[in-house]
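2 protein chains.
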Amino acid sequence: MSNVSFPGAQTIPGTKATLGSLLRRPYEYLQAKVYGELSARGFPDIRPAHSSLLRYIRPEGSRVVDLAERAQITKQSMAYLVGDLEGLGYVTVVPDPDDGRAKRVMLTTRGQAVWTTLIELSLAAEVNCAELIGADDMATLRRILQNLSQALETQGSGAS
Amino acid sequence: MSNVSFPGAQTIPGTKATLGSLLRRPYEYLQAKVYGELSARGFPDIRPAHSSLLRYIRPEGSRVVDLAERAQITKQSMAYLVGDLEGLGYVTVVPDPDDGRAKRVMLTTRGQAVWTTLIELSLAAEVNCAELIGADDMATLRRILQNLSQALETQGSGAS
DNA sequence: TATAAATGGACAGATAGTCTGTCTAAATAA
DNA sequence: TTATTTAGACAGACTATCTGTCCATTTATA
Numbered sequence: 001m002s003n004v005s006f007p008g009a010q011t012i013p014g015t016k017a018t019l020g021s022l023l024r025r026p027y028e029y030l031q032a033k034v035y036g037e038l039s040a041r042g043f044p045d046i047r048p049a050h051s052s053l054l055r056y057i058r059p060e061g062s063r064v065v066d067l068a069e070r071a072q073i074t075k076q077s078m079a080y081l082v083g084d085l086e087g088l089g090y091v092t093v094v095p096d097p098d099d100g101r102a103k104r105v106m107l108t109t110r111g112q113a114v115w116t117t118l119i120e121l122s123l124a125a126e127v128n129c130a131e132l133i134g135a136d137d138m139a140t141l142r143r144i145l146q147n148l149s150q151a152l153e154t155q156g157s158g159a160s
Numbered sequence: 001m002s003n004v005s006f007p008g009a010q011t012i013p014g015t016k017a018t019l020g021s022l023l024r025r026p027y028e029y030l031q032a033k034v035y036g037e038l039s040a041r042g043f044p045d046i047r048p049a050h051s052s053l054l055r056y057i058r059p060e061g062s063r064v065v066d067l068a069e070r071a072q073i074t075k076q077s078m079a080y081l082v083g084d085l086e087g088l089g090y091v092t093v094v095p096d097p098d099d100g101r102a103k104r105v106m107l108t109t110r111g112q113a114v115w116t117t118l119i120e121l122s123l124a125a126e127v128n129c130a131e132l133i134g135a136d137d138m139a140t141l142r143r144i145l146q147n148l149s150q151a152l153e154t155q156g157s158g159a160s
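Pasting the structure below:
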């Protein structure tokens, strides 16, 4: 079930797939799978763009600027997502007790439900992938990607 | 040079990073790097969206429907990209000799230049990553991702 | 303490890149 | 020969992003 089809393979014969395309394909597969199933689970109004908020919101609530900074988008864009999810009933916005300018974005009960479901489905999709390539390779894949992410992070903020 | 900064790390403490996020981070890094440098190389008007066309166009030229099918977008969306790149001088559109309804999208000289440069920069970005994690791990990463892609492809089009 | 600077967010407007729906012309099948 | 399918064009809509400007509040400074 949840038959996610797959884009065409090779462009120019004799050209090796770029690392980017090797990363992109499974990523897009996972995203399609997770958001497809999310819809089937009763959250059809949650779209991939919303993940910029859902990924970074904290249980105590988060301010728009913080969410924007973590998601690497402008605060206006994040405000748009907040407004959208607020209208859909997934978040509420309350005044920040510590800062009169600020507001806190908080998950509603439904928001928490979608958050949990997203984690659940992501995990399930990963298990599915692990079945395809084997648990050992999945562990290795995770380890290497984790290393790479960390190395890029330090490279990005650190040395020239 | 080309200091690409990196989004925040963890959401909820005690939550493992999803496979999706592990794939996404390096992918977005690569994309930012490649398109940033592409701009510096004299192609500032090429945007990531154009890659849907550039990735799949063939040297003999390709029809819009074929490009759309490979890129997994509607033909209208692909037509928009074709029109855009045509206006920018990267592709030309000629009538298909074998089919009076169809047209062939072909890379201009400048289009071929950008194509070559994209491959070059992608390769360079991969080498950069390989330096960070080591050549062995990069080879392993490639192997596993290739397996995964292929497995997902056959799963997607094949068994339920 | 009074004022200047920085910060969190709101509002307005623009744009890119995607979609659906409808249409024509040409090719293919019945 | 007629019906169906296919390639693409056109119109319209919408999502998710951006820039620019503004206000209110907080923080730093003179």
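Residue numbers (UniProt numbering), protein chains in the order written: chain B, 1 to 160; chain E, 1 to 160. We treat Cβ as the ideally placed atom computed from N, Cα and C, and that holds for glycine.
Taking all protein chains shown into account, residue 59/B has fewer than 16 neighbouring C-beta atoms within 10 Å of its C-beta and is therefore exposed. Judged by their CB atoms, residue 25/B and residue 145/E are nearer to each other than the 9 Å cut-off.
A distance below 9 Å separates the beta carbons of residue 91/B and residue 111/B.
With a threshold of 9 Å between beta carbons, residue 151/B makes contact with chain E. For the C-beta of residue 24/B, the chain E residues within less than 7 Å are, from N- to C-terminus, 27. C-alpha of residue 142/E to C-alpha of residue 67/B: approximately 33 Å in a straight line. Looking only at 150/B, 30/B, 50/B, the smallest Cα-Cα distance to residue 84/B is reached by 50/B. Partner residues in the beta bridge of residue 103/B, as assigned by DSSP, are 95/B. Within the same chain, Cβ atoms closer than 8 Å to the Cβ of residue 48/E are found at 31, 35, the five residues on either side in sequence being excluded.
Around the CB of residue 104/E, 16 or more other CB atoms lie within 10 Å, so the residue is classed as buried.
Close to residue 108/E, with beta-carbon spacing below 9 Å, lies no residue of chain B; the smallest spacing is near 17 Å. Residue contact check for residue 17/B against chain E: a CB pair falls below 9 Å. Within 10 angstroms of the beta-carbon of residue 139/B lie fewer than 16 other beta-carbons, which makes it exposed. With fewer than 16 other CB atoms across the displayed protein chains lying within 10 angstroms of its CB, residue 131/B is exposed.
Counting only unbroken stretches of 3 or more residues, no beta strand (DSSP E) element lies wholly within the stretch 30-75 of chain E. Non-local beta-carbon contacts of residue 17/E in its own chain, meaning distances under 6 Å to residues more than five positions away in sequence, are absent.
Chain B places no beta carbon closer than 9 Å to that of residue 101/E, leaving this residue out of the contacts.
Here the alpha carbons of residue 23/B and residue 79/E stand approximately 26 Å from one another. Its Cα nearest to that of residue 107/B, the residue 62/B stands out among 45/B, 101/B, 62/B, 38/B.
At a cut-off of 9 Å between beta carbons, residue 34/B contacts chain E.
Between residue 82/B and residue 93/B, the C-beta spacing is below 9 Å. Contact with chain E is found for residue 145/B, since one of that chain's Cβ atoms lies less than 9 Å from the residue's Cβ.
Taking a 10 Å sphere around the C-beta of residue 101/B, we find fewer than 16 other C-beta atoms and assign the residue as exposed. In this structure residue 148/E touches residue 129/B by the C-beta definition: roughly 6 Å separates them, less than 8 Å.
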